[in-house]
Every structure is written in structure tokens, then in C-alpha cells.
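Asker: For reference, the structure I am asking about is given below.
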Amino acid sequence: MMTAPKHVHGGDWKDMLHLTNFGQKKKGGNAWIEHKIKKRECSRFVPSLKYSSRCGCGMAFDQHPTEAKKPLQSHRFLTVRGDDETTNDSDCQDTSKNGGRKSGVRWTIGKNTETSPTDAYGTIIFEGCAHQSRAQYVRTSFDTDPAALSHLFYSVWKLPPPKLVITIHGGLTNFE
Numbered sequence: 001m002m003t004a005p006k007h008v009h010g011g012d013w014k015d016m017l018h019l020t021n022f023g024q025k026k027k028g029g030n031a032w033i034e035h036k037i038k039k040r041e042c043s044r045f046v047p048s049l050k051y052s053s054r055c056g057c058g059m060a061f062d063q064h065p066t067e068a069k070k071p072l073q074s075h076r077f078l079t080v081r082g083d084d085e086t087t088n089d090s091d092c093q094d095t096s097k098n099g100g101r102k103s104g105v106r107w108t109i110g111k112n113t114e115t116s117p118t119d120a121y122g123t124i125i126f127e128g129c130a131h132q133s134r135a136q137y138v139r140t141s142f143d144t145d146p147a148a149l150s151h152l153f154y155s156v157w158k159l160p161p162p163k164l165v166i167t168i169h170g171g172l173t174n175f176e
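Those letters in the sequence shown? Residues 1 to 176, per full-length UniProt numbering, in order.
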């Protein structure tokens, strides 16, 4: 490793070299995390019963990608036996009634979200405290393989086993 220039602190120099190396790995598409860890995003705006300007996922209409804002096509869907989520031609009924909500349509994770490689991961630097500290983070889908997360935590990030695990559910206002 090269030595830090006189005007750069040694710790900052190590971080800069690490980020340069990390950026080169990402350019090559070899980032393990992007191949193994998936995130889940809303793929269809379905107005909630309570607030027609908000989707069942909790986000506002404007926060959805363009593709998710398009109305459903008028066609029939197949209902697969054993699937707890059923969809039929009532999903494509007129939205002018019921405050813009399609009658019979309910937002579900299975029908209205898609997974894609995560692009939200890295290191958070907490500043303004007595000691600057860092923490790794990654955005994952609820159905991410626990073995992949364990590998990430213990083999890639070299973290010690946790004393506490917290799950954050976006959009929840009442945890009862």
C-alpha cells in the first residue's frame, strides 16, 4: 500500500484506497452483495382504503416509478390453487367509483412488489459524537436467504454476532 500524502490523515487515506478498490469492483459487476442480496420495491400503485393518494405500500403516488403508476390492463388473471392471493377480472373494474379505488383490489406484497439486486448498502459514519463511529448497512427484502445475510455479516463484513437485531417496517404507525 502506498503511504499517505502529508496533507491527508492516515485513516482517511486508508478509507480513500478502500473506496477506490470498492468502486473498481462495482464497475466490473463483481460485487457479491449485488448478486446475492435482493431488495423489494412496490411495482404497482394501488390506492389504500383510507387515503386514496397513498398506495397500500405506504408511499405517495409521486414516489412511485412511472411504470408503477400505469393503470392495470383490462384482462383476466389466473387464480392458482393454494395461493392465498387471488386476482380475477374484478381487479380491472372502473376506478371512477369508490374514490379512485378499484373495487376488489387490495395491495399485497406478492402481487404488487418486485425484487431486484440491492443498490442500498455501505457504511454510515456517525459524526458529532465524542467518538466518530461507523456502521455497515444493507437494504434487503423480507424473504432474503438468512444464509446469505449470515455470510455477509460474518465472512464479508467480519462482524461479531449481534446482541440485538431490529427490523424496521416502513409505513407502520401502530405496532399493536
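For every residue, glycine included, the Cβ atom is placed at its ideal position computed from N, Cα and C. Just so it is clear, the structure is predicted and the values come from calculations on it, not from any experiment.
Per DSSP, which one or two residues make a beta bridge with residue 233?
Answerer: Outside the shown range of the chain (1 to 176) lies residue 233, about which nothing can therefore be said.
Asker: When the Cα atoms are used, what is the spatial distance from A60 to S53?
Answerer: So the two alpha carbons sit approximately 6 angstroms from each other.
Asker: Taking the alpha-carbon positions, what's the C57 to C42 distance?
Answerer: C-alpha separation (whole angstroms): 7 angstroms.
Asker: Between P161, S141, D143, which has its C-alpha nearest S150's C-alpha?
Answerer: Of the listed residues, the one whose Cα sits closest to S150 is P161.
Asker: Can you tell me which of the three DSSP states K111 falls into?
Answerer: It is helical.
Asker: Excluding the 5 residues flanking P117 on each side, which residues of the same chain have their C-beta closer than 8 angstroms to its C-beta?
Answerer: Correct list, in chain order: E34, H35, I37, K38, K39.
Asker: Which whole-angstrom value is the C-beta distance of T123 and Q132, which I expect to be below 8 angstroms?
Answerer: About 12 angstroms separates the two Cβ atoms, so there is no contact after all.
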